[in-house]
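Numbering (my numbering), first residue to last: 32 to 323. All C-beta atoms in this analysis are idealised placements derived from N, C-alpha and C, irrespective of residue type, glycine included. So the structure is just underneath, and the comments pick up after that.
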């Protein structure tokens, strides 16, 4: 019963976020509803197809499909209010992620699969809908961009199976796993934590010195690698010394010379202003009739 209620909450939140994402792409009503259905129910569909688990969840219980469509239409009507509930939808999305992950793990275990397939089922159920949403909205999936999202599904599976292995009853295992998954997702959002990002720069890609040393070790042996690393260290030290000479700090006489040059320039500019002659010159004005 608890999982059913939380599942409805999760698909409703996913439907709302998907409708808003479709609205940013200026889709029509049909497109908004389609994106909402793919996001809210797509993870379960992909999971059931992979595990050969039929009938599909929304086919067996069409009420879920109706809930998602109604949520998308309500979002269209009340879109001007949605930015006030951003934090609420983040919380509900965390609830949905934990719920989807638990359901994916349970279904895989009920079908007789082990830990690896249960983990895959959990991750697919949790993140496949969001991936479909982002692909249909023509952007890179947020799951792949420094987000602790799929990792939460893995944590849920590990927690669920670990608590079952200890011997705790399934009811309390579900509650504890939901709390841990929800809490982990909220902490990741609050502290903006994510997985390390890999960036390939082509020829400008920096080489880790440890990797370079390991390469020399494998190719030339220990003595040659030490000699080569010593050459590199000496060369870098020489470059640093040369850079230090080019960027040395000015001495006192250098500072005084700079001040003298600045004073001379000021005097020259003042002298040039004084030499500027008014037109017509004073002598010409005195010589002219009616002059001063």
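Spatial distance of residue i from residue j (CA atoms)
i, j, result
"residue 280", "residue 224", "Only weak support exists for where residue 280 lies, its pLDDT of 49 falling under 50; the value from the coordinates is given anyway. C-alpha separation (whole angstroms): 42 Å."
"residue 93", "residue 146", "30 Å"
"residue 137", "residue 149", "8 Å"
"residue 57", "residue 202", "44 Å"
"residue 43", "residue 122", "12 Å"
"residue 153", "residue 140", "11 Å"
"residue 79", "residue 97", "20 Å"
"residue 198", "residue 205", "13 Å"
"residue 119", "residue 90", "29 Å"
"residue 49", "residue 164", "6 Å"
"residue 178", "residue 213", "15 Å"
"residue 86", "residue 143", "17 Å"
"residue 222", "residue 95", "33 Å"
"residue 228", "residue 215", "20 Å"
"residue 112", "residue 181", "30 Å"
"residue 170", "residue 109", "25 Å"
"residue 226", "residue 117", "23 Å"
"residue 84", "residue 200", "25 Å"
"residue 331", "residue 230", "The question about residue 331 has no answer, for the chain in this structure spans 32 to 323."
"residue 191", "residue 114", "35 Å"
"residue 132", "residue 88", "15 Å"
"residue 105", "residue 32", "26 Å"
Which of helix, strand or coil DSSP assigns to residue i
i, result
"residue 229", "coil"
"residue 79", "helix"
"residue 222", "coil"
"residue 200", "coil"
"residue 35", "helix"
Cβ-based neighbour list, residue i, same chain, cut-off 8 Å, excluding 5 preceding and 5 following
i, result
"residue 285", "Confidence at residue 285 is low in this model, with a pLDDT of 48, below 50, so its placement is unreliable and the value that follows should be read with caution. If we look at residue 285 and ignore the five residues flanking it on each side, it has no Cβ neighbours."
"residue 130", "34, 37, 38, 40, 41 and 209"
"residue 107", "50, 54, 60 and 63"
"residue 220", "121 and 125"
"residue 185", "150, 153 and 154"
Rounded distance between the beta-carbons of residue j and residue i, thought under 8 Å
i, j, result
"residue 74", "residue 187", "Not quite, the Cβ-Cβ distance comes to about 14 Å (not below 8 Å), so this is no contact."
"residue 183", "residue 128", "6 Å"
"residue 176", "residue 194", "31 Å between Cβ atoms; not a contact."
"residue 72", "residue 99", "6 Å"
"residue 46", "residue 103", "5 Å"
Spatial neighbours of residue i in its chain, beta-carbon cut-off 6 Å, leaving aside the 5 residues before and after
i, result
"residue 217", "125"
"residue 77", "155 and 159"
Chain-order list of residues whose beta-carbon lies under 7 Å from that of residue i (same chain, five-residue window excluded)
i, result
"residue 167", "66 and 69"
"residue 134", "34, 38 and 156"
"residue 161", "70, 172, 173 and 174"
"residue 81", "155"
"residue 189", "none"
Complete runs of the alpha helix (DSSP H) confined to the segment 164-197 [at least 4 residues] | 181-197
Taking only runs that begin and end inside the segment 88-158, name each unbroken alpha helix (DSSP H) of 4 or more residues, in chain order.
-> 88-91, 94-108 and 117-141
Quick one: which unbroken alpha helix (DSSP H) runs of 4-plus residues sit fully inside the segment 39-83? Chain order, please.
-> 60-82
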